[in-house]
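Step one of this worksheet: look at the structure below.
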Amino acid sequence: MHTGTDRPTNPVVLGRAAELARLDRLLGAVDGGGPQVLVLTGEPGAGKSTLVDRAAERGLALGFGILRVRGSEGEAGLGLSGVHQLLHPLLPGDGLPAAHREALDQAFGPGAAEYELKLDQLSLCVGVLGLVTGAAARRPLLLLVDDAQWLDLGSVDVLAFLARRLEGKPVVLLLAAREEGVPARFDRDFPQVTVGPLSRTAAGQLLDAQPDPPRGKARAEILQQAAGNPLALVELPRALARGRAAGAGGGAGGAVLPLTARLENLFAAELPGLPTPTRQALLLVAAAGTAELTDVIRAAPKLDFVRALDPAERVGLVRVADGRVLPRHPLVRSAVYHAASFHERRRAHLALAAAFTGEPDRRAWQLAAAATGQDAAVADALAESAERARGRGGHAAAATALERAAELTPDPELRARRLLTAARSAMFAGHPQWVGEMSGRVGHLTEDPRLRAEASLLGGWALGVTLRHEDALALLLGVAEATAASAPGLAQGALSTAATSVYNSGAPYHRAELRRIGDLIDGDGDPAGRSWALAVADPHRERPLLMGHLAEGLAELAREETLGNLTAMGGTAWILDETEQAVRILGRTIDVLRRAGSTGTNATVTQALALALFENGSWTAAEEAADEAFWMATEAGADNVTVGARVLRATLCALRGDPAAARNRAMEAVREADLRKSLSLQVRHRHALGMAAFVAGDHVGAYEQLRAAFTRDFRPAPVHYHASLYYLGDLAAAAVRAGRADDARTVVDGVAQDLKPAPSPRLAAVLHRATALLTDTDDAERHFRAALDGSGTDCWPFEKALAHLDFGEWLRRRRRGAEARRHLGAALECFERLAARPWTERAAAELRAAGTAVATAPAGELTPQERQIAELAAQGLTNRDIAARLYLSPRTVGYHLHKVFPKLGVTARAQLRDALTAEGDAGV
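Residue numbers for the sequence shown follow the numbering used here, so the first one is 97 and each next one is one higher.
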């Protein structure tokens, strides 16, 4: 019996959680617990074979015997060849009744051809069923049928007979076929799962996992044209890596990527056999980059276009409907385009340019695609097109047009300026790697110090959103210092951009440089940027001065909002613990960015907003913002945000009571990431792991993780001068349970000295809570009360609820029950609102011990919309996917899931399927 897969498989199948869960249910149905047949469908390259392989792996791990067949186009005419391949390990069927064995021998034995005309189909089907049933008596069987669209009809009939008679037998069948090629016997009667395109996030992850992942513009083009097709995401980078440069063809700057032979065979195998007029029509469609039939008809007035397209439509390459020509897949366009010679492509582009005389943008692109060298007139036309695109908020289109305009520009100085402007547009479009590529070429074209400095600033920004903080700062701080006197506005812009990398790095040297260079810059043309840089350099000792700057900046924002001022003031408010102001300003910043069509800084700003929302107790909104930041950063290659968003999600997972998932998420977040020079992420990662351990009851492990946020010096100091400080309370809580109070006390005492004289109200409360927990005397009460003093700490509800809980426990142990109940009740109310289950249970237990009856809230019934959302989430869909399907906003989906989780008694999406199944069983 076949016991392995045909090929080694990828240990990680990205973006297929729902499909893998469905495969698990199929394997679980071997005992009769559900449908025992599943049909996978999808377009070529969607990953059906990968899922079949994964089913084989999981089946082997569960002790299944594996029988598999893969349809072959060359054997589609050979009767019963598919069934023979499937059953070959079981033949000749010794032990079967004589009549069954004779039928199998007639079909598959040495004399099979002799019996072909008198073969009894029913006897054969019964014999196959007996053969499979006999093998399943020894061990459960998994039957795998891949590329079923190429199976011979006789095999399809036998498999359909078998599939309808599996009930009560320890056998399951998985059949995979292309969408348009599902065998007639399987297209209606059995459950189907369509393997669709990968999500944007999963597509980006798969692309980045390739041996030579593309960067910059090529990455964005591959993601666009692959359209979520996994095979295309694997093959297109290989084509580029082999030196097959992408063509410049296509309307509106849509480059047409080269294909490998494998992709050409999948997406345009029918092309060579089509008539010449059909190929000409298809080439015009591919070169135009448009689906509008009228556009291409104008370019070939002598060609009967609709008639010419008919053969292509018949073989499924395109579909003509409602005046549009729609390729089966975007890569059909690439295959058609690159199958033509340059002469044929150029002729098509010139014909289209002549047809687009009244559309200057499209005409410019067609002329650019037809250009054989530098051409000033075409370059000027493209530059004008870029200006129009930028005015519409189309920054990516503007960057593409300007980059091509620069290539066509004869004058090196003008070429440098256009390339610099293209890089700036690419920044707003959200493509840091592309920004780095273009800004890096400017220095080779000009000696102008201003242009070179601006290029270095953009290059520094591009590096800054990755984890290469030192490289970013080498560029940015160098620009700021070199231009401090001659171009103070440029210098301040470079310094403000550098401040973000300085914060992420956390290195004392870079903070000192930030302050030193800031003192060199003349004038005060950018007070918001200066405030941000000062706040990053020293948010604690300079707090009184910075609070004044913040007030002035907020007053200025009330008069005039600019994107730079909003971003800088939002960051300044956050770092100074003016969290509510930070949430308001950063939310406003994102609104402005979206209106302007800018996504370049969206990922960074959205990540900052997610942190601020988390801190002020808006956990559902924080998770949603982190999800949004993650997929934007994954597409852009902004590693700093990708890691940070995942760490925040892991922290939320821990605080909501799923420590195993939290630890897995935290470890996955830093896989292949080096955080030694990114101290802010390093500390936040330690906190996520520490809280996961704390929730799991591993207090020693929790303490070690949280202790790693501070140095092991004689006088401990924070590893990150800002981020580490907020974990002092959690450190103290773990310490008293792990028997490490003395060590923790040295940390708290050392840090407290450095925060004098006036830490923020939030930090003061954190310090008081930590000190109270580590104090053995009645003096702890004074610190608890200071941590809870007044309403100044209300905007950090979780931290305040922790202090209420700790104080309530302390009071109860001293038999001051009435006072304890007030604090424990306040803590419980907050924890329930946040769905912080471990702390909810602890507060409830303490309240009961203090003499208050705490009723467990009934789970409550799901509303129809909550059930619909829960079922989609259980299938593996993201909030964004669910929102698109139900015509809701992702925020609304998150709100409903926030109510669903406690009703079902779950803390993670992975638990939804079982909870919904259990609820359904209970209702029967």
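Using N, Cα and C, we set each Cβ at its ideal position, and we do this for glycine too.
Tyr599 sits away from Ser437, with the two beta carbons spaced by 9 Å or more. In this structure the segment 925–939 does not lie against the segment 876–892, because fewer than three pairs of beta carbons, one per stretch, are closer than 8 Å. Look at Phe282 here: in three-state DSSP terms it is helix. In this chain, the alpha helix (DSSP H) harbouring Ile613 covers Pro604 to Leu616. With fewer than 16 neighbouring CB atoms inside 10 Å of its own CB, Gly1001 falls in the exposed class. When only Cα atoms are considered, Glu895 and Leu751 end up about 12 Å apart. Boundaries of the alpha helix (DSSP H) around Arg841: Ala837 to Asp850.
For Leu973, the three-state secondary structure derived from DSSP is coil. Annotation for Ala272: the continuous beta strand (DSSP E) segment containing it runs Val267 to Arg274.
Contact between Leu187 and Val165 is absent: CB atoms are separated by about 13 Å, not below the 8 Å threshold. For Pro814, no beta strand (DSSP E) encloses it, and the DSSP letter there is neither H nor E. Leu247 places its beta carbon 9 Å or farther from that of Leu270.
Between the segment 677–685 and the segment 705–723, the count of C-beta pairs closer than 8 Å reaches three or more; the two stretches touch. Take the alpha-carbon of Ala722 and the one of His425: they are about 32 Å apart.
The C-beta separation of Gly990 from Glu719 comes to about 7 Å, placing the pair in contact by the 8 Å criterion.
For Asp723, the enclosing alpha helix (DSSP H) has its first and last residue at Trp715 to Ala732.
Here DSSP, grouped into helix, strand and coil, assigns Phe160 to coil. Ser601 counts as buried, since at least 16 other C-beta atoms from the protein chains shown sit within 10 angstroms of its C-beta. Fully contained in the segment 214–245 are the following beta strand (DSSP E) runs of length 3 or more, in chain order: 237–242. A Cβ-Cβ separation of about 6 Å places Leu294 in contact with Pro326 under the 8 Å criterion. Less than 9 Å divides the Cβ of Thr668 from the Cβ of Leu642. Of all C-beta pairs linking the segment 512–528 to the segment 487–497, three or more are shorter than 8 Å, placing the two stretches in contact. Note on the segment 391–468: whole alpha helix (DSSP H) runs with a minimum of 4 residues are 401–410, 426–435, 438–451 and 456–466, in chain order.
For the segment 606–681, the full-length alpha helix (DSSP H) segments reaching 4 residues or more read 623–633, 639–655 and 659–671 along the chain. With distances taken between CA atoms, Pro814 lies nearest to Gln849 out of Gly536, Leu586, Ser251 and Gln849. When beta bridges are read from the DSSP output, Thr290 appears opposite Thr137. Pairing Gly300 with Thr730, the inter-Cα distance amounts to about 6 Å. Thr663 and Leu682 have their C-alpha atoms some 7 Å from each other. Within a 10 Å sphere around the beta-carbon of Phe810 sit fewer than 16 other beta-carbons, which makes this residue exposed. With at least 16 other beta carbons inside 10 angstroms of its own, Asn975 counts as buried.
Arg488 sits in coil when the DSSP states are folded into three classes, being neither helix nor strand.
Residue pairing by DSSP places Val165 opposite Val241 in a beta bridge. Under the criterion of beta carbons closer than 8 Å, Val267 and Leu123 do not qualify as touching, at roughly 11 Å. For the pair Arg311 and Leu572, the Cα-to-Cα distance works out to about 22 Å. Around the C-beta of Glu331, 16 or more other C-beta atoms lie within 10 Å, and the residue is accordingly described as buried. Annotation: the continuous alpha helix (DSSP H) that includes Pro857 extends over Pro857 to Leu869.
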